[in-house]
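Written out below as structure tokens is the structure these notes cover.
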Ligand code: GLN
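Residue numbers (this note's numbering): 157 to 614.
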């Protein structure tokens, strides 16, 4: 059943919020010890909320857009009364004392927050293996990584432990686990969703967004969390369209839609994954789309640019974890990858007087942004694989560059601030494969419309 249909059932008293929650709690109890998607749940608080929603519905009172839907929140987003650890020992005792704007908005619209989900330490990773609380399993491909860093959120949705989840995406962390777990994930236009209450990884690229098993769930959650936030100066003063009503009249053909296909994205992707994307594109052609082959010459430049910016901004963001106010001193307790970024960020920042690295990275970023916008100017949506290779076995030894290479195709959207999503496109060796869609800044709706078409027709 689609998320939107379920929300109607709850509002029509055909399904109680309490029963919806109860069934998820049962699943969490059965599978979470094995999957390790949720780090902490609070059933009592969620039940109180669910019962309140049911009684308001019974009394004919108005309830919010998310009434009774059960939601997981990545543990780098502040939720009052939960431990907000970012999966790091640094913050193992840090109690969330307020709700992030996105969480506040979810609660105001009667979403039921059941718990907080696992991630790579400080969201710095692509596999959810670097969590202080152990790795998360991929429910769709047992034994393999779920992707990351929002692997807990993706696995929670994929394993049926909640209706919807929030993730954060700095270089692909929503789209990559959505792809590996066989669900949908959406990184909105930079500034479309408030980052207030998100622990920074690299603030000029971080963006909060939804994960769900269908497009109606993505749209519903986006409708609630998006919009200007006076408490967050990078949010856009932009009245985005409401996506749920906009998707009510589904397209019945795609005549006139132009899809750009990035040649270089296929060159760096494993053959069987390319084949799946090509098959989907051929089907879309049958529905009237025009495919436009494009060259993106700066693809090689994207990973180094993104990681350099990431190191510097992350280093700066971690200076507050000095052991005085928020728990432990980060360098004393963090894992290897986080320490690498702190050292690299510190080194680059010290050398910066010569403008050697960070300034260069910012110049490269402008170039990349300009070029991707030029390519987007002639098409509606860009299509590529989401991740160029299959996920590895949990615990396999990968070198740093191999790990970073998972992000080859996703970092572009963060560098350029454009919206991007991943939708399931097929299966290779039993592992789900995602197809990525990117559009111009503020064209989030175009992506959602195409996702909705694919969901209904392919
Ligand atoms: N994998 C990338 C990194 O390690 C991106 C992480 C993310 O999007 N949060 O930085």
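C-beta: ideal position from N, C-alpha, C; glycine also.
| Asked | Found |
| --- | --- |
| Could I get the ranges of all uninterrupted beta strand (DSSP E) runs contained in the stretch 271-306, with 3 residues as the minimum, in chain order? | none |
| Please state the DSSP three-state secondary structure of residue 480. | coil |
| List, from N- to C-terminal side, the beta strand (DSSP E) runs of 3 residues or more that fit wholly inside the stretch 165-248. | 194-197 and 226-230 |
| Which whole runs of the alpha helix (DSSP H) in the stretch 530-565 are 4 residues long or more, in chain order? | 556-560 |
| At a threshold of 7 Å, does residue 280 count as lining the ligand GLN (C-beta to nearest heavy atom)? | yes |
| Where residue 277 and residue 490 are concerned, what is the direct C-alpha to C-alpha distance, given to the nearest angstrom? | 8 Å |
| Please go through the same chain and pick out, in chain order, the residues whose beta-carbon is closer than 8 Å to the beta-carbon of residue 615, but skip the five residues on each side of it. | Look at the range of the chain in this structure, 157 to 614, and you will see that residue 615 is not part of it. |
| Helix, strand or coil, according to DSSP, for residue 259 in the structure here? | helix |
| Where does residue 363 fall in DSSP's three states? | strand |
| Between the C-alpha atoms of residue 253 and residue 239, what's the straight-line distance to the nearest angstrom? | 9 Å |
| Should residue 353 be listed as close to the ligand GLN, given that the test is whether its C-beta is under 7 Å from any heavy atom? | no |
| Mapping the DSSP letters down to three states, classify residue 449 as helix, strand or coil. | strand |
| At the level of alpha carbons, what is the spacing between residue 548 and residue 190? | 18 Å |
| Name the two residues that bound the continuous alpha helix (DSSP H) containing residue 331. | 331-337 |
| Under three-state DSSP, which class holds residue 609? | helix |
| Whether or not the stretch 604-614 and the stretch 365-372 are in contact is what I'm after, with contact meaning three or more pairs of Cβ atoms, one per stretch, closer than 8 Å; do they touch? | yes |
| For residue 342, which residues does DSSP report across the bridge? | 577 |
| Consider the C-beta atom of residue 274 and the heavy atoms of the ligand GLN; say whether any pair is separated by less than 7 Å. | no |
| What does a CB cutoff of less than 6 Å around residue 404 pick up in its chain, not counting 5 residues either side in sequence? | none |
| Tell me, please, whether the stretch 402-421 touches the stretch 529-540 by the rule of three or more beta-carbon pairs shorter than 8 Å. | yes |
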